[in-house]
Amino acid sequence: MNIEVGTQLDKIVILVYFAIVMGFGAYFGKYSKTTTDYFFGGRRFAWWLITISIVATGVGSHSFVKYSTKAYQYGLSSTMTYLNDWFFMPLFMFGWLPIIYYTKVRSIPEYFERRFNSTARYLATMMILLYMIGYIAIQFLTLATALYKIYGIPLMLTVVLIAIATTIYMHFGGQTSVIFTDLFQGFILIFAGLLLFFLGIQFLGNQVGINGLSAFWMNLSPVQKLPLAHFNHPPDFNFVGIFWQDGIAGSVGFLFLNQGLIMRFMAAKSVNEGRKAAAINVLFVLPISAIVVSNAGWIGRAITNVAPGMLPSEMAANDVFVTVTNIVSSPGVFGFIIAALCAALMSTADTLVNASS
Numbered sequence: 002m003n004i005e006v007g008t009q010l011d012k013i014v015i016l017v018y019f020a021i022v023m024g025f026g027a028y029f030g031k032y033s034k035t036t037t038d039y040f041f042g043g044r045r046f047a048w049w050l051i052t053i054s055i056v057a058t059g060v061g062s063h064s065f066v067k068y069s070t071k072a073y074q075y076g077l078s079s080t081m082t083y084l085n086d087w088f089f090m091p092l093f094m095f096g097w098l099p100i101i102y103y104t105k106v107r108s109i110p111e112y113f114e115r116r117f118n119s120t121a122r123y124l125a126t127m128m129i130l131l132y133m134i135g136y137i138a139i140q141f142l143t144l145a146t147a148l149y150k151i152y153g154i155p156l157m158l159t160v161v162l163i164a165i166a167t168t169i170y171m172h173f174g175g176q177t178s179v180i181f182t183d184l185f186q187g188f189i190l191i192f193a194g195l196l197l198f199f200l201g202i203q204f205l206g207n208q209v210g211i212n213g214l215s216a217f218w219m220n221l222s223p224v225q226k227l228p229l230a231h232f233n234h235p236p237d238f239n240f241v242g243i244f245w246q247d248g249i250a251g252s253v254g255f256l257f258l259n260q261g262l263i264m265r266f267m268a269a270k271s272v273n274e275g276r277k278a279a280a281i282n283v284l285f286v287l288p289i290s291a292i293v294v295s296n297a298g299w300i301g302r303a304i305t306n307v308a309p310g311m312l313p314s315e316m317a318a319n320d321v322f323v324t325v326t327n328i329v330s331s332p333g334v335f336g337f338i339i340a341a342l343c344a345a346l347m348s349t350a351d352t353l354v355n356a357s358s
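Residue numbers (this note's numbering): 2 to 358.
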């Protein structure tokens, strides 16, 4: 079964979205008059703005694809890596955040030089740059993989066009532009993700003829309903390897050494505002984000159990996000949700490009 992806209306919606974001970002460029404004937004932002921009940064386009894939394969346990950041939050909020804020360092490598020596700074710079360049490349490639099928443009050309669009508004406005654009995009991607979940549940209810939530829950197996994976198997997705490995290594790296994320907190108007942003993000926003990025996979698995053959038999697991979105949404709405995928990519990429400047 072949499913045509995207209509002319969807293509227009996505292009309009790109135009709005680029204009939005360029507009806020007028508020960047100094290097402090450009890189740290003048250190004047409240906790709620920082929180939403962190969401937009953390939820990249690869998040929708990656977590939908794992959700389709393993069920609710796909959310594990979104629910294990709280272990290190006290150390971040009351240790690392005050240090980087009050010392007014401009980068993580600068702190390493002050604390150790210039050699440590060079090593930290190389490691962080390699991480950010690789991460940016993954973001561009993930989004391009979805868009080139819709527009019929060669994959590498799509990557180049996305990179140009992202760089334009980031270049004009710096951190101020990035934060305000990410505020807009953060709301878009959260709303679109929850909208997709609602449409998927409604679709399942119509297929079975009962309440949508009941249809969704009934058509997940007991194993797929578990919040955590099996303790140490299968090798590529288990509790020890995912929950604890990510919590110990991934969370520490992301919270303490991600230059793009640290610049968000350094743009807060005080340490207390930064602490509020970190706490609200972990306690409330990350659980919502877990649903946003995973639900397409859950819906896809339930659809497979309700109506075998509804999803293409040759479909690769990492295509489940686009395929499910195309099935459960109408023309225009599909374009809007794919635009949210664009929002996720651009929000992460603009942060890392700005941090790499």
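Note that beta-carbon positions come from the ideal geometry of N, C-alpha and C, so glycine has one too.
Leaving out five residues before and five after residue i in sequence, what residues of the same chain have Cβ atoms less than 7 Å from its Cβ?
| i | result |
| --- | --- |
| Gly135 | none |
| Ile139 | His63 |
| Ala145 | Leu156, Thr159, Val160 and Ile163 |
| Gln260 | Ser108, Ile109, Ile129, Met133 and Ala356 |
So, for residue i: in the same chain, excluding its five sequence neighbours on each side, which residues have a beta-carbon less than 6 Å away from its beta-carbon?
| i | result |
| --- | --- |
| Ala278 | Trp48, Ile51 and Thr52 |
| Ala57 | Asp183, Gln186, Gly187 and Ser348 |
| Met311 | Ile304 |
| Tyr73 | Gly298, Gly301, Arg302, Ala318 and Val321 |
| Ile359 | Residue 359 falls outside the range modelled here, since the chain spans only 2 to 358, and no answer is possible. |
Just the C-alpha distance for residue i and residue j, rounded to the nearest angstrom, thanks.
| i | j | result |
| --- | --- | --- |
| Pro313 | Gly206 | 21 Å |
| Glu17 | Ala164 | The amino acid occupying residue 17 in the given sequence is Val; Glu does not appear at that position. In a straight line, the C-alpha of Val17 is about 17 Å away from that of Ala164. |
| Trp299 | Ile151 | 23 Å |
| Val106 | Lys226 | 45 Å |
| Tyr149 | Tyr75 | 28 Å |
| Thr8 | Ser331 | 10 Å |
| Asn85 | Gly248 | 5 Å |
| Pro223 | Ser215 | 14 Å |
| Tyr39 | Phe285 | Low per-residue confidence applies at Tyr39: pLDDT is 49, beneath 50, and the placement is therefore not dependable, though the value from the model is reported in the following sentence. Taking the straight line from one Cα to the other gives about 29 Å. |
| Val335 | Val293 | A small correction: the amino acid at residue 335 is Phe; Val does not occupy that position in the sequence shown. For Phe335 and Val293, the distance between alpha carbons rounds to 15 Å. |
| Gln208 | Ile180 | 42 Å |
| Asn220 | Ile191 | 25 Å |
| Leu342 | Ala147 | 9 Å |
| Thr126 | Asn118 | 13 Å |
Cutting at 8 Å between CB atoms, please list the residues of its own chain near residue i, excluding the five before and the five after it.
| i | result |
| --- | --- |
| Phe266 | Ile51, Leu98, Ile101, Tyr102, Gly275, Ala278 and Ala279 |
| Val272 | Leu98, Pro99, Tyr102 and Tyr103 |
| Val283 | Asp86, Trp87 and Met90 |
What does residue i pair with, by DSSP beta-bridge criteria?
| i | result |
| --- | --- |
| Phe46 | Ala269 |
Quick one: measure Cβ to Cβ for residue i and residue j, integer angstroms, because I've assumed they're closer than 8 Å.
| i | j | result |
| --- | --- | --- |
| Val14 | Phe337 | 6 Å |
| Leu200 | Val329 | 5 Å |
| Gln203 | Gly210 | Actually they do not touch by this definition, with Cβ atoms about 12 Å apart. |
| Ile109 | Ile263 | 6 Å |
| Phe93 | Leu256 | 5 Å |
* Asked: Is it true that the stretch 287-301 meets the stretch 189-200, where meeting means three or more beta-carbon pairs spaced less than 8 Å apart?
  -> yes
* Stretch pair the stretch 233-252 + the stretch 71-85: three plus CB contacts closer than 8 Å -> yes
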